[in-house]
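Below is one structure; the comments refer to it alone.
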Amino acid sequence: MAKEQKIQPKKKNFQAPKGTYDILPQDQAWWEKIYKVTRGIAQAYGFGKIDTPIIEDAELFIRATGATTDIVEKQMYTFKTKGGDFLALRPELTPGIVRAYLQGGLSALPQPVKLYSHGSLFRYERPQAGRYRQHHQINFDIIGSQAPVSDVQVIQVFFAIFSELGLKNINLQINSIGCKDCRPAYKKLLTNYYRSKIDKICPDCKRRLKENPLRLLDCKEEKCLQFISSAPQIIDHLCEQCHDHFKGVLEFLDELEIPYMLNPYLVRGLDYYTKTVFEFWPENSDARQASLGGGGRYDYLVKMLGGKDTPSIGAGCGIERLIYQLKFQGVKTPVLPSPRVFFVQLGDLAKRKSMRLFEELCQANIFISESFSKDSIKTQMKLADRLGAKIVLILGQQEVLSGTIIVRDMQTGVQETINQDKLIGELKKRLSKK
1 MAKEQKIQPK KKNFQAPKGT YDILPQDQAW WEKIYKVTRG IAQAYGFGKI DTPIIEDAEL
61 FIRATGATTD IVEKQMYTFK TKGGDFLALR PELTPGIVRA YLQGGLSALP QPVKLYSHGS
121 LFRYERPQAG RYRQHHQINF DIIGSQAPVS DVQVIQVFFA IFSELGLKNI NLQINSIGCK
181 DCRPAYKKLL TNYYRSKIDK ICPDCKRRLK ENPLRLLDCK EEKCLQFISS APQIIDHLCE
241 QCHDHFKGVL EFLDELEIPY MLNPYLVRGL DYYTKTVFEF WPENSDARQA SLGGGGRYDY
301 LVKMLGGKDT PSIGAGCGIE RLIYQLKFQG VKTPVLPSPR VFFVQLGDLA KRKSMRLFEE
361 LCQANIFISE SFSKDSIKTQ MKLADRLGAK IVLILGQQEV LSGTIIVRDM QTGVQETINQ
421 DKLIGELKKR LSKK
């Protein structure tokens, strides 16, 4: 009888899932820079940080974003838990922030409440330049204000971030999509315009014509773009309140000299928007047809999710798209700080003592590096030189027994033996001069 052959499992080289990627150590400088700038601008403008879960009740996004939006119909990752809960990986930040505003009692605070956040978002879409299935976004929201100045402050915050990062030639596209009082008449006008073209528009737009006519203006299909440019403009059909609000927004933008372009067909792709909507666009031709981000008013969303009437404004900006644009514009890669002190040890006894001294230096806020896994002094000194260390500490068996340590200045080559109990003070004195 033939001997049974053992089937070996097929070797698999694991890859990051399609539409996702790793942020490697050499790429982290861009992210650190963006987070640092965002945090500083947020604090300066009085925005408090909020973090929400990456998973939420799927109904939150269905109700807030709109059941007929592309996000809900085509892009949202949903799943059922073992307990039967229907959850979703968040495709956007705003609904979760509003949910937290209500659940966390922020609605009882003096209004408006100014919040900022950043984190991962998940959308199932075709990966391309600037678009990923897991991507990252910065969000700024002002909840509880109906004043045009709040719209402009959110816009101003992002332009402050762009400027601080070194980005140039970023323009604002802006429009008003009216409110529940003036929008119905415009939707009827838009529906009548498209009705004679129903055989020429894409399948999605045929559905939108019945379910949400405003989103006809958001279609990116080539065959539909020709009809958008001739469609009636909502800005010509605003009620008095929406007209005055939008006029106030534009006057503030003029005062701040923020460059903008009126785009009468800008509607954004989410159902909760009302009145002001806007997007941030680079001027250059290699923008890959992708805005950096955008936002608008969502005056009805808080009430839609169980709260009181609470006018609000918010916007988001994609971090990947920011980094792409920074690189495209030739902004220099931020340099992460390198350690100024390097610890060299020789022998087992010194290695054990080094780890204790290393911890003491870290607690004293001295930025120090080491290579405890290496034994050769030559290898350790080469690494110290490559890292650009200003001072090298050398600890051998003799120094351990005598309670001393060698301090070497890497610029002059001069070294001195000092007592270990004086090391922190000596290092701080030397580093203050470099």
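The sequence shown begins at 1 in our numbering and counts up by one. Glycine residues also receive a C-beta, built at the ideal position from the N, C-alpha and C atoms. These numbers were taken from a predicted model, which means no experiment stands behind them.
CA-CA distance, Ile-313 to Tyr-300, rounds to 11 Å. Residue pairing for Asn-175: DSSP places it in a beta bridge opposite Val-277.
In this structure, Ile-23 sits away from Leu-165, with a CB-CB distance that is not shorter than 9 Å. For the pair of segments examined, the region 222-232 was found to touch the region 193-206: the number of CB pairs separated by less than 8 Å reaches three. Per the coordinates, the alpha-carbon of Glu-320 lies some 14 Å from the alpha-carbon of Phe-162. Check the Cα spacing between Gly-293 and each of Ile-138, Tyr-21, Leu-270 and Asn-13: the tightest is with Ile-138. Contact between Val-400 and Ala-350 holds, since their C-beta atoms are separated by about 5 Å, short of 8 Å. Of the candidates Val-267, Pro-232, Ile-258 and Gly-248, the residue whose Cα lies closest to the Cα of Lys-220 is Val-267. In terms of Cα proximity to Ala-42, the closest of His-118, Glu-255, Arg-99 and Leu-87 is His-118. Going by DSSP, Asn-419 is part of the beta strand (DSSP E) stretching over 415-419. Cβ contact annotation for Val-331 (same chain, cutoff 6 Å, sequence separation greater than five): Gly-166, in chain order.
Beyond the five residues adjoining it in sequence on each side, Pro-259 comes within less than 7 Å, by CB distance, of Asn-171 and Leu-172 in the same chain, given in chain order.
Excluding the 5 residues flanking it on each side, Asp-51 has same chain C-beta neighbours closer than 8 Å at Ser-117 and Gly-119, in chain order.
Lys-353 counts as buried, since no fewer than 16 other beta carbons sit within 10 angstroms of its beta carbon. A contact between stretches requires three or more CB pairs, one per stretch, nearer than 8 Å, and the region 45-59 meets this requirement with the region 78-86. With 16 or more other Cβ atoms inside 10 Å of its own Cβ, Val-157 counts as buried. Cβ contact annotation for Pro-334 (same chain, cutoff 8 Å, sequence separation greater than five): Ala-29, Trp-30, Glu-32 and Lys-33, in chain order. The beta carbons of Val-341 and Gln-380 sit no closer together than 9 Å. The alpha-carbon separation between Glu-416 and Ile-377 amounts to approximately 17 Å.
Contact between Gly-19 and Pro-127 holds, since their C-beta atoms are separated by about 4 Å, short of 8 Å.
Annotation: the region 204-270 contains the following complete segments of the alpha helix (DSSP H) (minimum length 4 residues), in chain order: 222-228 and 240-256. Annotated as proximal: Ala-64 and Tyr-272, with beta-carbon spacing under 9 Å. Nearest Cα to Thr-94 within the set Ile-54, Ile-366 and Ile-418: Ile-54. The DSSP assignment places complete beta strand (DSSP E) segments of no fewer than 3 residues inside the region 285-338 at 293-297 and 312-318, in order along the chain. The secondary-structure analysis by DSSP pairs Pro-282 across a beta bridge with Ile-170. If the five residues before and after Leu-216 are omitted, its C-beta is found closer than 7 Å to the C-beta atoms of Leu-190, Tyr-194, Cys-205, Arg-208 and Leu-209, all from its own chain and listed in chain order. Closest by C-alpha distance to Ile-424, out of Ile-418, Leu-361 and Arg-408, is Leu-361. By the CB criterion at 9 Å, Pro-232 and Tyr-298 fall outside the cutoff.
For Ser-117, there is no enclosing alpha helix (DSSP H); the residue is part of the beta strand (DSSP E) that begins and ends at 113-122. Contact annotation: the region 175-186 does not touch the region 142-151, with fewer than three C-beta pairs closer than 8 Å. Scanning the region 68-112 for uninterrupted alpha helix (DSSP H) segments of 4 residues or longer gives 94-103, listed from N- to C-terminal end. Rounded to the nearest angstrom, the gap between the Cα atoms of Glu-426 and Ser-338 is 20 Å. Straight-line spacing of the CA atoms in Glu-211 and Gly-178 works out to 18 Å. Listed as beta-bridge partners of Arg-408 by DSSP are Val-392 and Gln-415. A residue is called buried once 16 or more other Cβ atoms fall within 10 Å of its Cβ, and Arg-408 is buried on that count.
Of all alpha-carbon atoms in Thr-276, Leu-256 and Glu-255, the one lying nearest the alpha-carbon of Leu-262 is that of Thr-276.
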